[in-house]
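Contents: one structure, followed by commentary.
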Amino acid sequence: MGVDMNQNAEKLLDIKDLSITYITDDATIYAVNGLNMELYRGETLGLVGETGAGKTTTALAIMRLLPDRIGKITSGSIRFDDVDVTAASEAEMRTLRGERISMIFQDPMTCLNPVLTIGDQIAEVLESHGITSKEELSKRVDNILTLVGLPPERKNEYPHQFSGGMKQRVDIAIALACEPQLLLADEPTTALDVTIQAQVLALMKELRQKFNTSMLLITHDLGVVAEVCDRVAIMYAGEIIEYGTVWEIFSGTEHHPYTKGLFGSIPSMSEGQRRLRPIDGLMPDPAVQLQGCPFASRCPQCSDRCTAEKPASHRAAGGNIIKCHLFEGEDAGGGNDAGTAG
Amino acid sequence: MPAPLVEVKHLKKYFKTPRGDLHAVDDVNLSINQGETLGVVGESGCGKSTLGRTILRLVPHTSGEVLFEGKNILSYDTRQMKALRQDMQMIFQDPYASLDTRFTVSQIIEEPLKICRKEMGKADREKRVKELMDTVGLAQRFVNAYPHELDGGRRQRIGVARALALNPKFIVCDEPVSALDVSIQAQILNLIMDLQEDMGLSYMFITHDLSVVKHISNNIAVLYLGQCIEHAPTEELFANPIHPYTKALLAAIPIPDPSKRSEDREIIRGEVTSPINPPQGCRFAARCPYAGDECRGKPIELKETRPGHFVACMKFF
Ligand SMILES: Nc1ncnc2c1ncn2[C@@H]1O[C@H](COP(=O)(O)OP(=O)(O)O)[C@@H](O)[C@H]1O
Ligand SMILES: Nc1ncnc2c1ncn2[C@@H]1O[C@H](COP(=O)(O)OP(=O)(O)O)[C@@H](O)[C@H]1O
Ligand SMILES: [Mg+2]
Ligand SMILES: [Mg+2]
Chain V
5 MGVDMNQNAE KLLDIKDLSI TYITDDATIY AVNGLNMELY RGETLGLVGE
55 TGAGKTTTAL AIMRLLPDRI GKITSGSIRF DDVDVTAASE AEMRTLRGER
105 ISMIFQDPMT CLNPVLTIGD QIAEVLESHG ITSKEELSKR VDNILTLVGL
155 PPERKNEYPH QFSGGMKQRV DIAIALACEP QLLLADEPTT ALDVTIQAQV
205 LALMKELRQK FNTSMLLITH DLGVVAEVCD RVAIMYAGEI IEYGTVWEIF
255 SGTEHHPYTK GLFGSIPSMS EGQRRLRPID GLMPDPAVQL QGCPFASRCP
305 QCSDRCTAEK PASHRAAGGN IIKCHLFEGE DAGGGNDAGT AG
Chain L
14 MPAPLVEVKH LKKYFKTPRG DLHAVDDVNL SINQGETLGV VGESGCGKST
64 LGRTILRLVP HTSGEVLFEG KNILSYDTRQ MKALRQDMQM IFQDPYASLD
114 TRFTVSQIIE EPLKICRKEM GKADREKRVK ELMDTVGLAQ RFVNAYPHEL
164 DGGRRQRIGV ARALALNPKF IVCDEPVSAL DVSIQAQILN LIMDLQEDMG
214 LSYMFITHDL SVVKHISNNI AVLYLGQCIE HAPTEELFAN PIHPYTKALL
264 AAIPIPDPSK RSEDREIIRG EVTSPINPPQ GCRFAARCPY AGDECRGKPI
314 ELKETRPGHF VACMKFF
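Sequence order for the protein chains is V and L. For the first sequence, the numbering used here begins at 5 and goes up steadily by one. For the second sequence, the numbering used here begins at 14 and goes up steadily by one.
Next up, the structure:
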């Protein structure tokens, strides 16, 4: 799906050179550093990276929900369809958040109101979209619950009466109530058991097809990415260090050393090898602004240049885009989006 | 044939609740061989942690036996238990929650020595702490650091060092890598495997992550609502899963390979139900697409299908 049509497909989200810092009492945290990303209609982009990579910060910036005063966009632009998110008024943003972009958070507890029934919470979202007739509301609530596999009879129950998997489905139901053009899903299945995760992923795939929703799926699970994404962006220390179609990332031969490390770290279900090949060391301190490549300190192929100079993005033979000096001069074909990986 | 170090026989742990008995562990039988790892898998709430804690006598059991080196430790008195504590340790999922955060790294690691090796002097303890930090790959410069100053991987290394302090024979690892990022998870898994090789440790490795359990275990027990429904050598379990729940669990793991994308994989419906006064019969019957009358009403026994492969299912065995 999606990938091959992108030549003609419409760009829904376009992020250019985005940098975000958090200013706290004791430090400035460089959370996102010159990130480029684009997302087409109907496409699912997987944003993969370890804790602290800046995934949630990126999603919050798209919604313009960075914490007041602390979180700041220091450079770059975010365009959603016809709206310039970095410049839009608060009223415009409210409409955008209410009608066109929805977000699902990792912990379903956080965004459900414990004192409102599930049905009332869905109805509230619908009401804010101008549905006022009692019958119409009740009918839509039932439809939405059925859609996500919950019995409509349970709409008068409160969040604590549902299991984690059910709450996450209620969350998805609420996120979908306004049929958004873009769904930002921040680790939506990380807290769930695998059989429940399989149910939720199947549901998300089904709904995406039904409504042609674009999705930014944030995860650290490469299995989930392979299962549902069209394209993949690998994020490390606030930068996208590799970007490509799911095929390029999972089957191509040329990769960023960090991507290789990530794949070497996962226990394989098929291979017999016993010792894993983890990446040594830790992510760099986000309070230090780096001169060179953020992965340099952990990279087995690091040279002097890597610590001194930020690498540009290069297109590998397989088509994926890699931000690494090793691939300099190797740019295959003059794809005009060779510069789009962050 | 390696000798079993730990044998669990008809072990039950019920919790009293206002709505009735909660069957957290319900007639579990298993064994762990010297120097080997038994993986225990199942979804949240199926009783994995309670099983581990009951075996270590961190919670009192309801009935059954736990044999350690052939002796039933559930009948031990306090004094016998104290000696045994040194042989059996636990590593927890959330190293932060399980470490005393007011203590420094060295204080945390030396605590078991202070309690159980009273004859040890301060200098010997310090030497032992240094040794343990080397063993688990913690740089000496962290000796006076506090847990909150360290990342998740290093905190878990403290947890491992502390568990190793008294030279145990058996360690229950309760989701030790579940809270860690993959690159750090791989470092800790390698450490746990290396320690086993070097010291001949035996593990019960609890996890909900089947790729991790496949990687680390010699044998695997699959739990569902407090019961072991399948138990087999790792290769055998993955090659020939028999119980419909085991099959569903294996089918649900997303494979990091887009060519194996399963557009129409079989997804089991529903969720794990309440373990309070569960009905007689197969606990999975309510979700099982194959369940029939024979699956309900009477206890289903774990039976051996091939050497070492046990399954509790009326339909497929
Ligand atoms: N409210 C905040 N104040 C200060 N630092 C923050 C805040 N939120 C996130 N950070 C920091 O920003 C970086 C990126 O975090 P985040 O976007 O949450 O990463 P991810 O979602 O990939 O785990 C991290 O170093 C994190 O500690
Ligand atoms: N101290 C306790 N009191 C009452 N119920 C408990 C207690 N500890 C665990 N349980 C219940 O026992 C069952 C098994 O829990 P647990 O062993 O933590 O499962 P797992 O580790 O597989 O997620 C769950 O239903 C849980 O709610
Ligand atoms: Mg996050
Ligand atoms: Mg547990």
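For every residue, glycine included, the Cβ atom is placed at its ideal position computed from N, Cα and C.
Contacts with chain L at 7 Å (Cβ-Cβ) do not include V/Phe215. Those residues of the segment 211-242 of chain V placed with their C-beta closer than 9 Å to a C-beta in chain L are His224, Asp225, Leu226, Gly227, Val228, Val229, Ala230, Glu231, Val232, Cys233, ordered along the chain.
If you ignore the 5 residues before and after V/Asp190, its C-beta comes within less than 8 Å of the C-beta of Lys59, Thr60, Ala63, Met107, Ile108, Phe109, Gln110, Ile222, all in its own chain and listed in chain order.
In the DSSP assignment, L/Ala245 falls outside any alpha helix (DSSP H) and within the unbroken beta strand (DSSP E) covering 240-246. Contact of V/Pro282 with chain L by beta-carbon distance below 7 Å involves Ser196, Ala199, Gln200, Asn203.
Our two residues, V/Cys182 and V/Lys159, have alpha carbons roughly 18 Å apart in a direct line.
Any Cβ of chain V closer than 7 Å to the Cβ of L/His256 would place that residue at the interface, and such an atom is absent. Taking a Cβ-Cβ threshold of 7 Å, the residues of chain V close to L/Ser57 are Asp197, in chain order. Going by beta carbons, L/Arg167 and L/Val149 fall outside the 7 Å limit. Proximity of L/Ile281 to chain V, defined by a Cβ-Cβ separation below 7 Å, is satisfied. The C-beta distance from V/Glu246 to V/His260 rounds to 4 Å, short enough to meet the 8 Å contact threshold. By the Cβ rule, the segment 185-195 of chain L counts as touching the segment 214-230 of chain L, because three or more pairs are nearer than 8 Å. Comparing C-alpha distances from V/Glu103 to each of V/Leu180, V/Glu94, V/Ala91 shows the shortest one belongs to V/Leu180. Residues Leu24, Lys26, Val38, His74 of the same chain have their beta carbon placed closer than 7 Å to that of L/Thr67, with the five preceding and five following residues left out of the count.
Annotated three-state conformation of L/Asn203 is helix, per DSSP.
DSSP places V/Pro282 outside any alpha helix (DSSP H), giving it a letter other than H or E. Beta-bridge partners assigned by DSSP to V/Cys297: none are found.
Listed in chain order, the positions of the segment 45-69 of chain V with a beta carbon within less than 7 Å of a beta carbon of chain L are Glu54, Thr55. Within the segment 149-177 of chain V, the residues whose Cβ lies closer than 9 Å to some Cβ of chain L are Gly153, Ser167, Gly168, Gly169, Met170, listed in chain order. The segment 261-271 of chain L and the segment 74-92 of chain L do not touch, with fewer than 3 CB-CB distances between them shorter than 8 Å. The residues Ile281, in chain order, have a CB closer than 6 Å to that of L/Ala261 in the same chain once the five nearest residues on each side in sequence are set aside. The segment 106-163 of chain V is shown to contain no whole beta strand (DSSP E) run of 3 or more residues.
For the 7 Å CB-CB criterion, L/Ile255 and L/Phe329 form a contact. The three-state reading of DSSP puts V/His260 in coil, since its state is none of H, G, I, E or B.
For V/Val292, the closest Cβ of chain L is not nearer than 7 Å. Under DSSP, L/Glu317 takes part in a beta bridge, and its partners are L/Phe323.
DSSP places L/Ala265 in the helix class (H, G or I) of the three-state scheme. The segment 130-160 of chain L contains, as complete alpha helix (DSSP H) runs of 4+ residues, the segments 135-148 (chain order).
Interface flag for V/Ala31 against chain L is unset, since no Cβ pair is found closer than 7 Å. Under the DSSP assignment, L/Leu223 falls in the alpha helix (DSSP H) whose first and last residues are 223-229. Residue range 168-180 is occupied by the alpha helix (DSSP H) that includes V/Asp175.
For the 7 Å CB-CB criterion, L/Gly55 and L/Tyr237 form a contact.
Closer than 6 Å to some heavy atom of ligand 2: that does not describe the Cβ of V/Cys306. In the DSSP assignment, V/Arg235 falls outside any alpha helix (DSSP H) and lies within the beta strand (DSSP E) extending over 235-240. Listed in chain order, the positions of the segment 259-271 of chain V with a beta carbon within less than 7 Å of a beta carbon of chain L are Gly265, Leu266, Ser269, Ile270, Pro271.
In this structure, DSSP gives L/Val285 a state outside helix and strand, which the three-state scheme calls coil.
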